[in-house]
Amino acid sequence: MCKSKIPRFSAHLLHLALFGRFVSKKRENFAINENFSEYRRKKVLIAANHFYMLYRFRRELIEDLQSRYEVVVAAPFQTGEEVFESMGIRCTETKMQRRRVQVLSELRLLQAYKRVLCLEKPDLVLTYAIKPNVYMGFLCTCYRIPFYATVQGLGSAFQRPWLSCVATFLYKLSFLRVQNVFFENQSNAVEFCRRHILPPEKEVVLHGAGVDLNRYIYTPYTAHDPPRFLFVGRLMREKGVEELFCAVRRLWTEGFHVHLQLLGFFEEQYRQEVDRLVSGGMTEFFGFQKEPLPFYQNCDCVVLPSYHEGMSNVLLEAAAVGRPIIASDIPGCREAVEHSKTGLLCRAKDADSLYVAMRAFLALSAEQKAALGQNGRRKMEREFDKASVVAETLRIVTAEKAAPQPRRVTA
11 MCKSKIPRFS AHLLHLALFG RFVSKKRENF AINENFSEYR RKKVLIAANH
61 FYMLYRFRRE LIEDLQSRYE VVVAAPFQTG EEVFESMGIR CTETKMQRRR
111 VQVLSELRLL QAYKRVLCLE KPDLVLTYAI KPNVYMGFLC TCYRIPFYAT
161 VQGLGSAFQR PWLSCVATFL YKLSFLRVQN VFFENQSNAV EFCRRHILPP
211 EKEVVLHGAG VDLNRYIYTP YTAHDPPRFL FVGRLMREKG VEELFCAVRR
261 LWTEGFHVHL QLLGFFEEQY RQEVDRLVSG GMTEFFGFQK EPLPFYQNCD
311 CVVLPSYHEG MSNVLLEAAA VGRPIIASDI PGCREAVEHS KTGLLCRAKD
361 ADSLYVAMRA FLALSAEQKA ALGQNGRRKM EREFDKASVV AETLRIVTAE
411 KAAPQPRRVT A
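In terms of the working numbering, the sequence shown opens at residue 11 and continues consecutively.
Next up, the structure:
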């Protein structure tokens, strides 16, 4: 029996030796791969809720990132993905309900984000808007992938008590390992700190997305008869369109035949109201316009009576062109407007206050209106230059930080 055990023992030794050689070979290969990964181009994944809006407001940042990293963008395929593809950026579709919350839809989005992480294996992730921030942020937290989030305003999620509690919990969960969070106004950053979602040292407040001063050039002011008020944005309750329509009707009733121009998609509930205003000669509806610049240049004043904003790009663009502004006195609007110097502020959700502001604007001379626009342009040059915003974002995102080793993501 002893003799029969010797060959078996020798066989075991041979197996162990072969296994040891196999492991050492694997380690050599792993070391080679690790060394190779140091020289490969790192990959950045950008998760957003709309391709076109990402392109319109973050193009310069993405172009700078593309010069340093391989860039992949994940968002719902609607419009704009072809522009990124023409830039040589790969796009992957992640379907989502932007304005509704449905359990199955949210789970599918979470699974879609997991598949993207598994397939792309990014070194860094940037997220924009609440759903990418929460769901992609949660997965990056789980798999220890460095990520940076941008809060583009609190939106309706923080307006209702029960929804506010849910949003706070989800943000806390998702931001446990976030590198930094970019805010578009100081008030939003203070609110996150007050709710203990984020420690102050991880908060970075930028001047929104900034405005391209070379694209939105100053255009000398021209007064029109009748005066043209311009609204740019989605026609929805939270943008203050009900107060706007009420104020315009009141002005017409009092003999001020102003002309309201509307740019943007409208929610179905406002179709009949818009049709009535158009048929009454009070309003022109142009629908969604990819290039609003000519409308800024040919209006007297831009109006935005919004309920909440991160930082209104519409106001930044209008001010850069040199147009006076009437906007709600809320975070995300008041930063872009100096009352009585670059425009006028009114109370949110208050049609009377909006009417008073519009009426006060009409009482100004053409020279006073032009002065408001000139002051607005100078303010944009001083505070909201997109080049400065992009440079600060890149400085933070590309800074070398000690980050935990990513865990393997499996589908």
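Don't be surprised by glycine CBs; every beta carbon is placed ideally from N, CA and C.
Values in this document were obtained by computation on a predicted structure and should not be read as measured data.
With a threshold of 8 angstroms on Cβ separation, who are the neighbours of residue i within its own chain once the five nearest residues in sequence on each side are excluded?
i	result
T403	L71, F192, L216
L134	K52, K53, V54, L55, Y79, I155, P156, F157, Y158, V407
V400	E70, L71, D74, G220
G250	L314, P315, S316, Y317, S338, A358, K359, L364
Q88	H60, F61, Y62
P86	N59, H60, F61, E103, T104, K105, M106, R108
F255	E283, L287
A376	Y231, A233
P132	K53, V54, L55, V82, I155
R110	none
Contact defined as beta carbons within less than 8 angstroms: I believe residue i pairs with residue j. What is the distance between those atoms, to the nearest angstrom?
i	j	result
R302	L273	According to the sequence provided, residue 302 is Pro. The question's Arg does not apply to it. So it is a contact: roughly 6 angstroms between Cβ atoms.
G386	Y231	Not confirmed; about 10 angstroms, so no contact.
L261	T293	About 12 angstroms; that fails the 8 angstroms criterion.
G342	S322	6 angstroms
R333	C309	6 angstroms
V200	P237	At roughly 37 angstroms, the Cβ-Cβ gap does not stay under 8 angstroms, so V200 and P237 are not in contact.
Q76	I99	7 angstroms
T229	Q307	5 angstroms
For residue i, which residues of its own chain have a beta-carbon under 7 angstroms away from its beta-carbon, when the five flanking residues on both sides are left out?
i	result
T102	V82, A84, V126
V324	V242, G243, V312, L314
V33	At V33 the pLDDT is 34, less than 50, meaning the model places this residue with poor confidence; the figure from the coordinates comes in the next sentence. So no residue of the chain qualifies.
R31	The predicted model places R31 with a pLDDT of 43, which falls under 50 and marks its position as unreliable; any figure quoted below should be read in that light. Excluding residues within five positions, none has a Cβ falling inside 7 angstroms.
Y226	L303, E327, A330, V331
E95	C101
K141	N59, M106, L119
L183	F148
E393	H217
L180	V144
Using a threshold of 8 angstroms, state whether the C-beta atoms of residue i and residue j are closer than that.
i	j	result
F305	L240	yes
H2	E213	Only positions 11 to 421 of the chain appear in this structure, which leaves residue 2 out of reach.
A177	A58	no
E253	A361	yes
G353	I340	no
L119	Y145	yes
Y123	T151	no
G424	T137	Absent from the structure is residue 424, since the part of the chain shown begins at 11 and ends at 421.
G163	G265	no
V284	F275	no
N195	E345	yes
D222	K396	yes
A257	K379	no
C356	A373	no
Which two residues bound the contiguous beta strand (DSSP E) that contains residue i?
i	result
N190	190–193
Y138	134–138
S338	335–338
L314	311–314
A57	53–57
L354	353–356
E213	213–215
E294	293–295
Residue i lies in the alpha helix (DSSP H); which residues open and close that run?
i	result
A376	376–393
V366	361–372
T403	396–407
L325	323–331
F67	61–76
V93	91–96
V288	281–289
E130	113–130
F255	251–263
F266	Segment: none, F266 is in no alpha helix (DSSP H) and carries neither H nor E.
L306	In the sequence as displayed, the identity of residue 306 is Tyr instead of Leu. Per DSSP, Y306 belongs to the alpha helix (DSSP H) from 303–307.
Ordered along the chain, which non-local residues of its own chain (more than five positions away) have a Cβ less than 6 angstroms from that of residue i?
i	result
E44	For E44, the predicted model reports a pLDDT of 41, less than 50, meaning its position is unreliable; a value from the coordinates is still stated below. Taken in chain order, the list of residues that qualify is empty.
E348	none
G218	E194, M321
F202	L208
I42	Here the model assigns I42 a pLDDT of 33, short of 50, so the residue's position is not dependable, and the following value carries that caveat. Closer than 6 angstroms at the Cβ level, and outside the excluded window around I42, lies no residue.
K10	Coverage of the chain is limited to positions 11 through 421, which leaves residue 10 absent and any answer about it impossible.
S174	F168
A381	none
List the DSSP bridge partners of residue i.
i	result
F276	L245
C101	V83
L240	Q271, V312
H9	Since the first residue shown for the chain is 11 and the last is 421, residue 9 is missing from the structure and cannot be characterised.
F157	V135
V221	D395
F168	Note: F168 sits in no beta bridge, so no partner.
Just to check, is the beta-carbon of residue i closer than 7 angstroms to a non-hydrogen atom of the ligand ZN?
i	result
Y158	Only the bare structure without any ligand can be found here, which leaves the ligand ZN out of the picture.
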